[in-house]
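Below is one structure, written out as structure tokens, with a few remarks after it.
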Amino acid sequence: MISITNTTNYQAIRDIAGKTWPITYGPILSSEQIDYMFAMMYDISALESQATAKKHHFILAEEDGIPLGFASYELNYNEEPKTKIHKIYILPETQGKGIGKKLIDFIADKATTNQNTALSLNVNRHNNAFQFYVKLGFEKIGEEDIDIGNSYLMEDYIMEKKL
Numbered sequence: 001m002i003s004i005t006n007t008t009n010y011q012a013i014r015d016i017a018g019k020t021w022p023i024t025y026g027p028i029l030s031s032e033q034i035d036y037m038f039a040m041m042y043d044i045s046a047l048e049s050q051a052t053a054k055k056h057h058f059i060l061a062e063e064d065g066i067p068l069g070f071a072s073y074e075l076n077y078n079e080e081p082k083t084k085i086h087k088i089y090i091l092p093e094t095q096g097k098g099i100g101k102k103l104i105d106f107i108a109d110k111a112t113t114n115q116n117t118a119l120s121l122n123v124n125r126h127n128n129a130f131q132f133y134v135k136l137g138f139e140k141i142g143e144e145d146i147d148i149g150n151s152y153l154m155e156d157y158i159m160e161k162k163l
């Protein structure tokens, strides 16, 4: 089941990211960069700010009340008819079971309802999730290096899927 989250679910989101990040990014980034980024993006106050100030919508995938994955998205990103997927993480032991696709389908439905014509996301150039996004119909439309402070860069592909 996919549900829109509220403030009581931020700890579940943080827990899923905490279990997913070391496996996803351990082979790609230094442990120092992972710790820095995690603190910057997943502190409870950071999640609250993303939801309120930045208008990110958080959704949670659960089975029998157990959180298995989450995503966040922003409608009308940069005042364009695009929905930006900011985050999507599935617990490693449940990957490959269609949860990520269900989250993206949920977001695509919300985007279409709000007259958005594309989904957009960034993915680390070395993240295996790149192939998952291609399988779901996303295309690489560019690359960007994002300075996140402390001499760290996010080195990403920009991907988009037309709706």
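The numbering of the sequence shown is full-length UniProt numbering, which starts it at 1 and goes up by one.
We treat Cβ as the ideally placed atom computed from N, Cα and C, and that holds for glycine.
- In the DSSP assignment, no residue is bridged to Val134.
- As the crow flies, the alpha-carbon of Gly65 is around 20 Å from that of His57.
- Assignment of Lys97 by DSSP, reduced to helix, strand and coil, places it in the coil class.
- Distances from the CA of Lys84 to each of Leu121, Gln131, Ala39 and Gly69 were compared; the closest alpha carbon is that of Leu121.
- Of the other Cβ atoms in all chains shown, fewer than 16 fall within 10 Å of the Cβ of Gly96; this residue is therefore exposed.
- Judged by beta-carbon spacing, Pro67 lies within the 9 Å limit of Ala12, meaning their Cβ atoms are closer than that value.
- DSSP, read as helix, strand or coil, puts Thr117 in coil.
- At a Cβ-Cβ threshold of 9 Å, Glu139 and Asp156 do not count as neighbours.
- Distances from the CA of Tyr89 to each of Glu80, Lys101 and Lys82 were compared; the closest alpha carbon is that of Lys101.
- When rounded, the separation of the alpha-carbon atoms in Leu153 and Asp145 is 6 Å.
- If you draw a straight line from the Cα of Met37 to the Cα of Thr113, it comes to about 32 Å.
- Exclusion of the five residues before and after Ile99 leaves Ala61, Leu68, Gly69 and Ile90 as the residues of its chain whose Cβ lies within less than 6 Å of its Cβ.
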